[in-house]
Every structure is written in C-alpha cells, then in structure tokens.
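Everything on this sheet refers to the single structure shown next.
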Amino acid sequence: MSDPRDPEEFGAYRDYLMALARAQVSVDLRARIDPSDLVQETLCEALRDLPRHRGRSRAEMMGWFRSLLRFNLIDRLRRLRLERRVVSCDGALDRTSQGMSALMLASQSAPEARAAREEDALALAALLGQLSPPQAEAIVLKHCHGMSVAEISRHMNRTPDAVGGLLRHGMRRLRELM
C-alpha cells in the first residue's frame, strides 16, 4: 500500500476490519447484525468522510477505521435495543487490534518498527480473511483476546471440541499460507 489515504487502497483494510467485526459480534447476534454489513458500512462512511479526516499515517487510518466500526456497531445495537448484551465494546476493538499487532512483532518500538507492525497486522488480517469465518474468529478470540477454549465455545455457541478443531485447522492453514 503506498498512500494509506488513497480510496483505491481501502480494500486492503477490509480483512482487518472483518477480523475486528467478527470478534465483536457474537454468534447469537449475527442473525441481526452481519459483520460484513458493518465493514461495508464503515468503508462507505470512510470514503464519504475522507476529505474531513486529517490523519496521514497508516496508524491514524487504522485508528479511524476502528472508531468508525465501533460507532457503527454501537449504532446498530442501539437500533436493535441490545446495548445491555454488549460489554465494553470500546476497549475490545482496540484490544483486538493491539493483539493482532502483538502476534507479529511485539517488542519493536521505533517508528519504522511500528510501521512494520501495522503492515504485519494488515498482512495477518489478509491471511485470516483466507480462512473460514469460524476459524478466523476462533483464532482472533484465542490469540488476540486471550480467551480460553471454554470461553470461545460459549461465545461461538459451539462445543469445546469443535472450537479446538477450528483452532487446530485454522492455525495449520495459517502456517501453510505464510
């Protein structure tokens, strides 16, 4: 990606946003809130509001996309009158994004290293986008949110054995793709 503000490059953020959206919308809400719809709405909003956005770096763009996604999710939940079912939506998106970055190069701190981590987070999101949605979601919940298999099974409404299979097969596929 050359210019993070180039509307032609917004598609590169799609997988990143999908990973965040899938982690936030639990299985029981997916009948009413589709993560793909949230991502599409977020990208359309970003395109519309790009002239007013002042950020120039990839990190600023990613933060802006996270905020747009968070507000779109909150708005959707308000419309559905389901706010009470969401716990701490604000911090969870940031934790997911930070977890994705931490998976790749957690110890680097120079500006060049931060840019490399952001690139790696986008690359990881693109790889996760090549997995089945349940595999990608299980991996994000386990490795970015630090959830246990039991917690993931409750979140995804699956048995612990099924979640273990999703994690095992998803991680094997990620290794093949890398």
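Residue numbering for the sequence shown follows my numbering, starting at -13 and increasing by one per position.
For glycine and all other residues, C-beta sits at the position ideal for the given N, C-alpha and C.
Per DSSP, the continuous alpha helix (DSSP H) segment holding Gln121 begins and ends at 119 to 129. Taking the CA atoms as reference points, Arg64 sits about 10 Å from Phe57. Taking every protein chain shown into account, the CB of Cys130 has 16 or more other CB atoms within 10 angstroms, so this residue is buried. When DSSP assignments are scanned along the region -13 to 71, the uninterrupted stretches of alpha helix (DSSP H) that are 4 or more residues long and fall wholly within it turn out to be 0 to 10, 21 to 35, 44 to 66.
In terms of CA proximity to Pro21, Ala7 leads the group Asp147, Ala7, Leu15, Leu29. Remark: three or more beta-carbon pairs, one from each stretch, lie closer than 8 Å, so the region 149 to 158 and the region 120 to 138 are flagged as touching. If you draw a 10 Å sphere on the C-beta of Ser139, you find 16 or more other C-beta atoms in it, and that means buried.
Just so you know, the alpha carbons of Arg144 and Pro119 end up roughly 14 Å apart. Leaving aside the five residues that flank Pro(-7) on each side, the residues in its chain whose CB is nearer than 7 Å to its CB run, in chain order, Leu33, Leu36. Going by C-alpha positions, Trp50 is about 14 Å away from Leu59. In the DSSP assignment, Arg161 falls within the alpha helix (DSSP H) that extends over 146 to 163. The beta carbons of Leu163 and Leu108 sit about 14 Å from each other, so the pair does not count as a contact at 8 Å. About 11 Å separates the CB atoms of Arg0 and Leu24; that is not less than 8 Å, and the two are not in contact. The beta carbon of Glu31 sits closer than 6 Å to those of Leu54, all from its chain and outside the five residues before and after it, given in chain order. Cβ contact annotation for Leu152 (same chain, cutoff 7 Å, sequence separation greater than five): Pro120, Gln121, Ala124, in chain order.
Ranked by Cα distance from Arg(-9), the first of Ser43, Leu160, Ala111 is Ser43.
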